[in-house]
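Asks: Supplied in structure tokens, the structure appears directly below.
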Amino acid sequence: MNISTYTITPQAPYRFDFFRERIVTSSNSYLYDIGDQHLGRAHLIDGHHVFVRVSCPNQGSDAPEFHLHVEGAPDEAVAEKAMRLWRHMLSLDRPLYPFYAKMSGDPVLCGIIDQLSGLNLLLEADPFESMILSIIGQQVNLTFAENLKRALVELCGTRIELNGRSVYAFPTPEQIARLQYEDLRPLKYSQRKAEYIIDFARGVVNGEIDLAALEQMDNDEAIATLVKLRGIGRWTAECVLLFGLGRPDLLPAADIGLRNAIQHFYGLDHQPTEPEVRERATAWAGYESYVTYYLWTALGLAKAQAKKQKSTGN
DNA sequence: GGCCAGGCTAGCA
DNA sequence: TGCTAGCATGGC
């Protein structure tokens, strides 16, 4: 088997173990091969199924060195595309220090940054995958969302066997477009959710939806384009810009998780309204995505901690 | 048992 | 233009 290896040393602070933790606790963990010191995933690149494995022996360090192995690429060009895909997914070309410097006047955020120093954005592989996952994630809790996502991937994604490992590549637009709505109903999809997902994939396949064009648009323009599609509201479009395109300045002001986190960490006596979130976020200009991500993550940790304390009676 | 989940649409006034 | 029931299910 042909394996290409790349050695990567991100700019500190950078915590590889935070990505692992993020994946384990997310509703997308089924997409990954997760080990103590590595992460892996299958991808379809230029028609070739490749498996990317990132290993990091010193993953708890805030200046880690890690190795990215690409298996199954027929030539160097495909291997390099896989490598660049993971540079995107792991936000390797986005140093954190400008964000930290910008937030230095906010004691609440500084406390969270101290706790999460080195946490960078874990992005989805591409806008298509991001859109499908975001539509599935609308409204439902994370446990149920994971069941739905896993069922879709196992229904129509390509299963790949590599060195005894069995993993699925995320379905292509063509694979989802071929489904019928009733194929998803037994998987506990609502009729509407099935329609939104399959219709979106069909739009991509027949060329009505141009995902590549989103890259050239500013945030407002891209959101306005996406929300014209049935099943895609502002929240979903914002998720795609944040997690699919990796826009650093995206503010999901209506998101319930962000509003809960602001109330919690800033000690508000009410859940902030969307205009109140926008007002507060003027201080975050340029890094809204990062602040949102840190607040979401910190609230998740606080909830997990509270749950743990409750279960142990402390 | 009821309400809320990292929402959205269709239908109604 | 603005409001709300309904969607499917799991967790608390």
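Here our numbering is used: the first residue of the first sequence is 25, the next is one more, and so on.
All C-beta atoms, glycine included, are put in the ideal place defined by N, C-alpha and C.
(1) Can you tell me whether Y56 is helix, strand or coil according to DSSP?
(2) Going by other Cβ atoms of all chains shown within 10 Å of its Cβ, with 16 needed for buried, is R254 buried or exposed?
(3) Could you tell me which of A201, P88 and L133 sits nearest to Q61, measuring between CA atoms?
(4) Between the alpha carbons of N338 and R183, how many angstroms are there, rounded?
(5) Tell me where the beta strand (DSSP E) around Y30 begins and ends.
(6) Report the rounded CA-to-CA distance for F224 versus K173, giving the unit in angstroms.
(7) Taking 7 Å as the cut-off, does the CB of T31 come closer than this to any heavy atom belonging to the ligand FAD?
(8) Measure the Cβ-Cβ separation of D273 and N243 and say whether it is below 8 Å.
(9) Would you mind working out which of Y318, P197, F289 and V191 sits nearest G231, comparing C-alpha positions?
(10) Contact between the stretch 152-172 and the stretch 77-86 is defined here as three or more beta-carbon pairs at a separation below 8 Å; is this criterion met?
(11) Tell me whether T33 is buried or exposed, calling it buried when 16 or more other Cβ atoms sit within 10 Å of its Cβ.
(12) Does DSSP classify Y192 as helix, strand or coil?
(13) Going along the chain, which residues of its own chain have a beta-carbon closer than 8 Å to the beta-carbon of G324, five neighbours each way excluded?
(14) Rounded to the nearest angstrom, how far is the Cβ of F42 from that of G142, given a contact under 8 Å?
(15) Indicate the three-state DSSP secondary structure (helix, strand or coil) for S313 in the structure shown.
(16) If I measure Cβ to Cβ from R226 and keep anything under 7 Å in the same chain, skipping five residues before and after, which residues do I get?
(17) By Cβ distance, which residues of its chain are closer than 8 Å to V177, with the 5 residues on each side in sequence left out?
(18) Could you tell me which uninterrupted beta strand (DSSP E) segments, each at least 3 residues in length, are contained entirely in the stretch 174-227, listed from first to last along the chain?
Replies: Result, derived from the coordinates:
(1) coil
(2) exposed
(3) P88
(4) The predicted model places N338 with a pLDDT of 49, which falls under 50 and marks its position as unreliable; any figure quoted below should be read in that light. So the alpha carbons of these two residues sit roughly 45 Å apart.
(5) I27 to I32
(6) 16 Å
(7) In terms of ligand content, the structure shown is empty, and the ligand FAD therefore cannot be addressed.
(8) yes
(9) P197
(10) no
(11) exposed
(12) strand
(13) T49
(14) 6 Å
(15) helix
(16) A201
(17) Y54, L55, Y192, F194 and P195
(18) 182-186 and 189-193
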